[in-house]
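Student:
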Amino acid sequence: MNYKLTKADDHWFRENINCQYACPVNTPAMNYIERITSGDFDASLRLNFMANLFPHILGRVCTHPCETACRRGVIDKPIAICSLKRSAGDFALKKSPAKPVHIEKTGYRVAIIGSGPSGLAAAHDLAMKGHTVVIYEALPVAGGMLSVGIPPYRLPRAQIEAAINGIAELGAEIRLNSPIDTPDAFDTLLREYNAVYIATGAHKSQILEIPGEDLKGVMHGVTFMKETNLEMLKAVPEKVAVVGGGFTAIDCARSSLRLGAKEVSIVYRRTLEEMPAGEMEVSMAEEEGIKMHYLTSPVKIIGGLDCKVTHLECIKNKLGEPDEKGRRRPVPVQGSNFTIPVDMVIAAIGQSPDLGFFSDKIGIEINHWGMPVIDPKNFMTTRKGVFAGGDCITGPRNVIEVVADGRKAARSIHTFLTGEERKGYSFYYKDQSPSDRMPNYESAPRQKQDAISMDDRRSLNAEVELGLSKENAFKEAGRCLLCHYNIFIDETCILCGGCIDVCPYDCISMVSRDNVDVANDSPDKNTVAGDWDAVMVIDEEKCIRCGLCVKRCPVNAITMKRFAYAEE
Ligand SMILES: Cc1cc2nc3c(=O)[nH]c(=O)nc-3n(C[C@H](O)[C@H](O)[C@H](O)COP(=O)(O)OP(=O)(O)OC[C@H]3O[C@@H](n4cnc5c(N)ncnc54)[C@H](O)[C@@H]3O)c2cc1C
Numbered sequence: 052m053n054y055k056l057t058k059a060d061d062h063w064f065r066e067n068i069n070c071q072y073a074c075p076v077n078t079p080a081m082n083y084i085e086r087i088t089s090g091d092f093d094a095s096l097r098l099n100f101m102a103n104l105f106p107h108i109l110g111r112v113c114t115h116p117c118e119t120a121c122r123r124g125v126i127d128k129p130i131a132i133c134s135l136k137r138s139a140g141d142f143a144l145k146k147s148p149a150k151p152v153h154i155e156k157t158g159y160r161v162a163i164i165g166s167g168p169s170g171l172a173a174a175h176d177l178a179m180k181g182h183t184v185v186i187y188e189a190l191p192v193a194g195g196m197l198s199v200g201i202p203p204y205r206l207p208r209a210q211i212e213a214a215i216n217g218i219a220e221l222g223a224e225i226r227l228n229s230p231i232d233t234p235d236a237f238d239t240l241l242r243e244y245n246a247v248y249i250a251t252g253a254h255k256s257q258i259l260e261i262p263g264e265d266l267k268g269v270m271h272g273v274t275f276m277k278e279t280n281l282e283m284l285k286a287v288p289e290k291v292a293v294v295g296g297g298f299t300a301i302d303c304a305r306s307s308l309r310l311g312a313k314e315v316s317i318v319y320r321r322t323l324e325e326m327p328a329g330e331m332e333v334s335m336a337e338e339e340g341i342k343m344h345y346l347t348s349p350v351k352i353i354g355g356l357d358c359k360v361t362h363l364e365c366i367k368n369k370l371g372e373p374d375e376k377g378r379r380r381p382v383p384v385q386g387s388n389f390t391i392p393v394d395m396v397i398a399a400i401g402q403s404p405d406l407g408f409f410s411d412k413i414g415i416e417i418n419h420w421g422m423p424v425i426d427p428k429n430f431m432t433t434r435k436g437v438f439a440g441g442d443c444i445t446g447p448r449n450v451i452e453v454v455a456d457g458r459k460a461a462r463s464i465h466t467f468l469t470g471e472e473r474k475g476y477s478f479y480y481k482d483q484s485p486s487d488r489m490p491n492y493e494s495a496p497r498q499k500q501d502a503i504s505m506d507d508r509r510s511l512n513a514e515v516e517l518g519l520s521k522e523n524a525f526k527e528a529g530r531c532l533l534c535h536y537n538i539f540i541d542e543t544c545i546l547c548g549g550c551i552d553v554c555p556y557d558c559i560s561m562v563s564r565d566n567v568d569v570a571n572d573s574p575d576k577n578t579v580a581g582d583w584d585a586v587m588v589i590d591e592e593k594c595i596r597c598g599l600c601v602k603r604c605p606v607n608a609i610t611m612k613r614f615a616y617a618e619e
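Written as structure tokens, this is what we have:
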């Protein structure tokens, strides 16, 4: 194999920490997991607050792209990073972040339309910078889909209230029942504020476009969840079929069971592999008795004489060629139609934004899908001073991504108002002694959260997942491979090979100069010493940072350093 010289600069180290790099807000998962290992849950929670603002919420519902990226996943299963975030919150003594003693006011006024996670994140950061922030919220509750989408058995309301109160305590005003739903109302905001952030989410349901959609007993997913969460809908009939494969579909199905349904099924046109809802959500739904119909599409909703739904007619699919997003298209299998007896059909196949308050005159370009066009560098729309982010610029996404939008938009708004540029990120390297790791951490299995019994799952308000026990949180944190620790071998190495002998994962090898590409265009051509015949190389992907090589080296040529970075 030929090796190429690469400059190991801050970019290189940053990209090596897969979990943090994959997080849209760069949460330093490895650092907060380390704090858990040392029993400092308060510090662990504090690191989370700094990065993602809402750890008590995200520790329950985050889509955790960090886990998908986690290097431990290659060995067995990724670290349960999301559950550990929750553990930080569960076991910390200080549940909320320290409030600043004094924030100097700037005199600038910013209006935010929508109090979902994106609007709240932007409000937090803008209020911290001293701007006067007013959030306009159409509904009688704040929180957006956190409050009216995600059900309380997955996200207890106390956690949302605490997050909203924290932002209100920073001085942001939240005006409930205050829709900005006409061009005139939007015009008023443009006159009264120095900047506007539009974070209205995606609340318009996509329709099935099949016969029978107007029958009694047919509802759309977000409406169903909104009415359930606002306690307007208190019961459903016996047999419910939900169409769709995302979070909304699963939540509609599981909520239906809690609202009294006896038979609930989910109809999804592709397979579990392509399903946008997480594997975990699907397994919980199945555990609760929900029947999954994969590779199935609805073709017709059938009703009785009283115009009430009686059956859902479906057709089976097979997977065909990939579509423009790379997912294989469902292709109907002719003659495979069948019916499911139902009293209610919930269509949860997608949502789009509703920006009825825009007029042609305001100078904001709208794309083909009815969403505002933004400059991805700064989240500004085509009208100066008007910014947009969250689900309303893309369609339905997830909490962590829209929090990232809100934070990035807030930085841009601050720059727009004050001219102050954002600094980027700061980083450091520090010497690190090979730590005493948990015995057998490399073979420890992933720990699971406890959950309430099936009998206790009849209430919408009974939280199903109970978090990791403290003991299991320690075990899980101990599994982390500490990708932010790096092994360095300096030029005093005598090539004795002792490190190779002790390495349990065979990730150190001696490489002859002939196999190293030290071409003139090498980024480090000026710093590579000329008089060497061989070098030791370490495979960072395989290294489990056990530190045995550091301990074994007879000439102390091997050191371990930790690297860390944070958004400024
Ligand atoms: C049922 C369901 C379950 C979900 N589960 C998860 C999950 O487990 N994990 C996850 O990461 N994501 C989940 N999501 C997705 C996540 O909730 C959304 O991606 C996120 O809330 C979007 O945030 P946002 O701030 O962009 O918009 P929203 O949360 O939709 O908030 C927008 C707010 O703007 C208000 N608004 C709209 N128009 C106006 C107007 N004209 N004037 C004033 N106010 C207005 C709305 O009332 C709303 O409060 C789920 C979504 C749903 C529907």
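In my numbering, the protein residues as written are 52 to 619. Where is the CB? At the ideal position from N, CA and C, for every residue including glycine.
Which runs of the alpha helix (DSSP H) fall wholly inside the segment 186-246 and span at least 4 residues, in chain order?
Tutor: As far as the segment 186-246 is concerned, its whole alpha helix (DSSP H) runs of at least 4 residues are 196-199, 208-220, 234-243.
Student: Assuming contact is defined by CB atoms lying nearer than 7 Å, are GLN402 and MET611 in contact in what I supplied?
Tutor: Going by C-beta atoms, GLN402 is not nearer than 7 Å to MET611.
Student: Closest to GLU339 by CA distance: which of SER307, THR361, LEU356 is it?
Tutor: When each option's Cα is compared against that of GLU339, the closest is SER307.
Student: Please state whether the Cβ-Cβ distance between ASP456 and GLY441 is less than 7 Å.
Tutor: Going by C-beta atoms, ASP456 is nearer than 7 Å to GLY441.
Student: Starting from the N-terminal side, write out each stretch of the alpha helix (DSSP H) that is 4 residues or longer and does not extend beyond the segment 63-148.
Tutor: As far as the segment 63-148 is concerned, its whole alpha helix (DSSP H) runs of at least 4 residues are 69-73, 80-88, 92-103, 106-112, 116-120, 123-126, 132-142.
Student: Measuring only the C-alpha atoms, how far is ARG321 from ALA617?
Tutor: Going from the Cα of ARG321 to the Cα of ALA617 covers about 40 Å.
Student: I need the DSSP call for ASN577, collapsed to helix, strand or coil.
Tutor: Residue placement at ASN577 is poorly supported in this model, since its pLDDT is 49, which falls under 50; the coordinates still yield a value, given next. Here ASN577 sits in coil by DSSP.
Student: Classify ASP501 as buried or exposed, calling it buried when 16 or more other Cβ atoms lie within 10 Å of its own Cβ.
Tutor: Exposed is the call here.
Student: Excluding sequence positions up to five away, which residues of its chain have a Cβ less than 8 Å from the Cβ of GLY355?
Tutor: Hits under 8 Å: THR361.
Student: Output the residue ranges of the alpha helix (DSSP H) runs that lie fully inside the segment 268-354 and measure 4 residues or longer, sorted by chain position.
Tutor: Listed in chain order, they are 272-280, 298-309, 330-338.
Student: Helix, strand or coil for ALA455, going by three-state DSSP, please let me know.
Tutor: Three-state DSSP puts ALA455 in a helix.
Student: Alpha carbon to alpha carbon, what distance is there between LEU96 and GLU522?
Tutor: The alpha-carbon atoms of GLU522 and LEU96 are separated by roughly 17 Å.
Student: Excluding the five sequence neighbours on either side, which residues of its own chain have a C-beta within less than 6 Å of the C-beta of SER563, listed in chain order?
Tutor: So the list reads ALA585, once near-sequence residues are dropped.
Student: How would you label TYR476, buried or exposed, when you count the other beta carbons within 10 angstroms and need 16 or more for buried?
Tutor: So TYR476 counts as exposed.
Student: State the Cα-Cα distance for the pair ALA102 and ALA149, rounded to the nearest angstrom.
Tutor: So the two alpha carbons sit approximately 14 Å from each other.
Student: Any chance the CB of GLY195 is under 6 Å from a heavy atom of ligand 1?
Tutor: Flag set: Cβ of GLY195 near ligand 1.
Student: For CYS604, does the count of other Cβ atoms within 10 angstroms reach 16, so buried, or fall short, so exposed?
Tutor: By the neighbour-count rule (16 or more Cβ atoms within 10 Å), CYS604 is buried.
Student: Check whether the Cβ of GLU514 lies closer than 6 Å to any heavy atom of ligand 1, and answer yes or no.
Tutor: No, since every heavy atom of ligand 1 falls outside the 6 Å radius drawn around the Cβ of GLU514.
Student: In three-state terms, what does DSSP make of ASN491?
Tutor: Of the three classes helix, strand and coil, the one that applies to ASN491 here is coil, per DSSP.
Student: Ignore the nearest five residues each way along the sequence and tell me which others in PRO373's own chain have a CB closer than 8 Å to its CB.
Tutor: Within the same chain, PRO373 has close Cβ partners ARG379, ARG380.
Student: What number of angstroms, rounded off, separates the C-alpha of ALA139 from the C-alpha of ALA94?
Tutor: If I take the Cα positions, the gap works out to 8 Å.
Student: By Cβ distance, which residues of its chain are closer than 7 Å to ALA59, with the 5 residues on each side in sequence left out?
Tutor: So no residue of the chain qualifies.
Student: Suppose you measure from the CA of VAL450 to the CA of HIS175; what does that come to, to the nearest Å?
Tutor: Computed Cα separation, rounded: 15 Å.
Student: On a Cα-Cα basis, can you pick out the residue from ILE609, PRO230, GLU325 that is closest to GLY371?
Tutor: It is GLU325 whose Cα lies nearest to the Cα of GLY371.
Student: When the distance is taken between beta carbons, is ARG448 closer than 7 Å to ARG462?
Tutor: Contact flag unset, no.
Student: Would ASN587 and CYS544 be called neighbours here (beta carbons separated by less than 7 Å)?
Tutor: In the sequence under discussion, the amino acid at residue 587 is Met, which differs from the Asn named in the question. Result yes, Cβ atoms of MET587 and CYS544 sit closer than 7 Å.
Student: Can you name the start and end residues of the beta strand (DSSP E) that ILE366 belongs to?
Tutor: Counting along the chain, the beta strand (DSSP E) containing ILE366 begins and ends at 360-373.
Student: Does DSSP classify GLY170 as helix, strand or coil?
Tutor: Looking at GLY170 - three-state DSSP - the assignment turns out to be helix.
Student: Using the rule of at least 16 other Cβ atoms within 10 Å of the residue's Cβ for burial, across every protein chain shown, is ASN577 buried or exposed?
Tutor: Bear in mind that a pLDDT of 49 at ASN577, under 50, signals an unreliable position, so the model cannot answer this.
Student: Applying the 10 Å Cβ sphere with the 16-neighbour rule, what's the burial state of GLY268?
Tutor: Counting Cβ neighbours within 10 Å, GLY268 comes out buried, since at least 16 surround it.
Student: Within 10 Å of its beta-carbon, does HIS62 have 16 or more other beta-carbons around it, so buried, or fewer, so exposed?
Tutor: Exposed, by the Cβ-count rule.
Student: HIS419: buried (16+ other C-beta within 10 angstroms of its C-beta) or exposed?
Tutor: Burial call: exposed.
Student: According to DSSP, is LYS150 helix, strand or coil?
Tutor: Three-state result, LYS150: coil.
Student: Taking all protein chains shown into account, do 16 or more other C-beta atoms lie within 10 angstroms of the C-beta of LEU517, making it buried, or fewer, making it exposed?
Tutor: It counts as exposed.
Student: I'd like to check one pair, VAL199 with LYS277: are the Cβ atoms closer than 7 Å?
Tutor: Their beta carbons are under 7 Å apart, which means LYS277 touches VAL199 by this criterion.
Student: At which residues does the beta strand (DSSP E) containing VAL424 begin and terminate?
Tutor: Where VAL424 is concerned, there is no enclosing beta strand (DSSP E), given that its DSSP letter is neither H nor E.
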